[in-house]
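J.: Right, I'll just put the structure down here and ask away after.
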Amino acid sequence: MSAYLMVSLHSQVLNNHPEHGVNKTLDPVVARFSQHQWWDFGHGWKNLLNNLCLVIQPFIFFNLLKPWLRVFPVLHLSIGFLTLIELMNRMRGALPIPYQSEDFLFSSA
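In this text, residue positions in the sequence shown follow this note's numbering: the first is 5, and each later residue adds one.
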């Protein structure tokens with residue numbers, strides 16, 4: 005359920021619907037995400053999930069390697085990962101703007 009909500013909230017961000025006028029990609033770094041060789045250009049839920057996985061991969065891989073980097077410190081590798089993670093964090097978040105649509109007016113109560 006959490007993955008479904010995450011992908012649903014990011015759907016406009018990753019599909020970049022210009023007709024909504026809100027989702028224009030102004031950041032050249034974010035515009036380059038789709039140049040990744042595994043980027044999925046489909047518009048379905050599974051396509052969006054695959055693309056979100058690509059965006060969060062640097063953070064996950066760095067955390068998997070972090071214990072080894074404490075044993076064998078490789079400063080350039082750590083700095084490279086942190087730079088890559090910083091670039092991935094430039095993707096606009098998926099928090100909806102409530103005044104755009106009444107679809108987001110819901111209660112979890």
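The beta carbon of each residue, even a glycine, is placed where N, CA and C say it ideally should be. Since this is a predicted model, take the numbers as computed values, not measurements.
(1) Under the rule that 16 or more other beta-carbon atoms within 10 Å means buried, what is V26, buried or exposed?
(2) Just verifying my parser: in three-state terms, what is the DSSP assignment at P77?
(3) Output needed for D44: all residues of its chain with C-beta closer than 6 Å, excluding positions within five of it in sequence on either side, in chain order.
(4) So for G46, helix, strand or coil by DSSP?
T.: This is what the structure holds:
(1) Reliability of the predicted coordinates at V26 is poor, the pLDDT of 47 falling under 50, and no value is obtained from them.
(2) coil
(3) N51, N54, N55
(4) It is coil, neither helix nor strand.
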